[in-house]
Structures are given as C-alpha cells and as structure tokens.
Amino acid sequence: EAAQLREYLLRGGFLVVDDFHGEYEWSVFTESIFRVLPERQIVEIPETDPLLHILYDLDQRTQIPGHRHLRWGVGNVAARMQGPPHWRGIYDDDGRLMVAINFNMDMGDAWEHADDPTYPEPMTALAYRFGINYIIYAMTH
Numbered sequence: 039e040a041a042q043l044r045e046y047l048l049r050g051g052f053l054v055v056d057d058f059h060g061e062y063e064w065s066v067f068t069e070s071i072f073r074v075l076p077e078r079q080i081v082e083i084p085e086t087d088p089l090l091h092i093l094y095d096l097d098q099r100t101q102i103p104g105h106r107h108l109r110w111g112v113g114n115v116a117a118r119m120q121g122p123p124h125w126r127g128i129y130d131d132d133g134r135l136m137v138a139i140n141f142n143m144d145m146g147d148a149w150e151h152a153d154d155p156t157y158p159e160p161m162t163a164l165a166y167r168f169g170i171n172y173i174i175y176a177m178t179h
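Under this note's numbering, think of the first position of the sequence shown as 39, with each following residue one higher.
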C-alpha cells in the first residue's frame with residue numbers, strides 16, 4: 039500500500055490528512071507517511087501557497103474543532119483542543135503540494151455536522167472553504 043500511495047503522489051496525486059491531534063497521533067502519522075515518502079520533509083504550508091488562495095483567500099488559520107472537542111455553556115460554545123492548529127504539507131521537487139495535513143483540527147467533523155444546530159456555523163463555513171480549495175487545487179495542480 040505504501041508503494042502504491044507513493045506512486046500515486048509522485049504521479050500528481052493529492053492527499054488530505056485530517057482529524058488527528060496531539061503528539062502521540064503525530065508520531066504515528068509521521069512514522070506511516072515516511073514509509074511512503076521517506077526522502078520528503080513535512081513543512082508548514084506558507085501563507086503564499088496557492089492552496090490557500092485558489093478560490094477563497096484563507097488568510098486566517100482558525101482552528102476547526104471536532105464535534106467531540108466542543109463544550110457547551112450558557113449561550114456559548116468553546117473548543118477544547120490538544121494544541122495549536124497546524125496546516126502542514128509535503129511538496130514534490132517542483133513545489134507542488136502532494137500532501138495537505140490538517141493537524142490538531144477536524145475539518146471532516148465540520149462537514150459532517152453542517153446540519154447540526156449545535157455545531158458552530160462559522161467553523162462549518164470555513165471548513166467548506168478549505169475543502170473547496172482542496173478540490174480545486176487537486177484538479178489543477
């Protein structure tokens with residue numbers, strides 16, 4: 039599987055990794071992805087990357103919480119996350135983003151709970167913008 043994923047990515051494929059939190063899960067992820075792309079580095083995605091501007095300008099890097107990380111109080115919702123959010127990536131030799139890594143956040147939950155009145159609408163809207171940018175980027179790069 040690692041060899042097939044490697045071939046897919048090196049031939050122009052795109053992978054989004056989402057919904058993992060904390061140092062333990064990060065170490066599990068890096069051990070796995072380095073079996074696929076051992077010669078590559080994981081870096082923070084810079085503000086200037088086309089991914090962040092291909093349709094929506096995503097200048098704010100707001101943490102998008104998973105549903106399980108939300109805490110409800112009187113009239114407000116607060117997120118309890120395991121550290122700051124990171125938008126990291128792995129690039130090919132030509133500077134094309136092959137792997138987009140959403141660390142310490144859960145965009146998938148924001149999509150999944152879009153119709154849930156208890157999930158914060160601004161987080162769903164932001165997650166959809168990221169998702170649309172991911173799709174357009176994958177189709178054009």
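We treat Cβ as the ideally placed atom computed from N, Cα and C, and that holds for glycine.
Neighbourhood of residue i by C-beta, 7 Å cutoff - its chain only, sequence neighbours within 5 removed
i: Ala165; result: Ile102, Met145, Ala148, Trp149
i: His105; result: Asp147, His151, Tyr157
Terminal residues of the alpha helix (DSSP H) in which residue i lies
i: Ala165; result: 159-178
i: Arg44; result: 40-48
i: Ala148; result: 145-150
DSSP beta-bridge partners of residue i
i: Gly127; result: Val81, Ala138
Residue environment, residue i, which counts as buried when at least 16 other CB atoms sit within 10 Å
i: Ala41; result: exposed
i: Ala138; result: buried
i: Gly133; result: exposed
CB-CB length for residue i against residue j, believed under 8 Å
i: Asn171; j: Leu96; result: 6 Å
i: Tyr175; j: Leu89; result: 5 Å
i: Leu43; j: Met136; result: That belief does not hold up - the Cβ atoms of Leu43 and Met136 are roughly 10 Å apart, past 8 Å.
Endpoints, the beta strand (DSSP E) within which residue i is located
i: Leu53; result: 53-58
Same chain, Cβ closer than 8 Å to residue i, neighbours up to 5 away in sequence not counted
i: Leu75; result: Arg44, Leu47, Ile128, Met136, Val137
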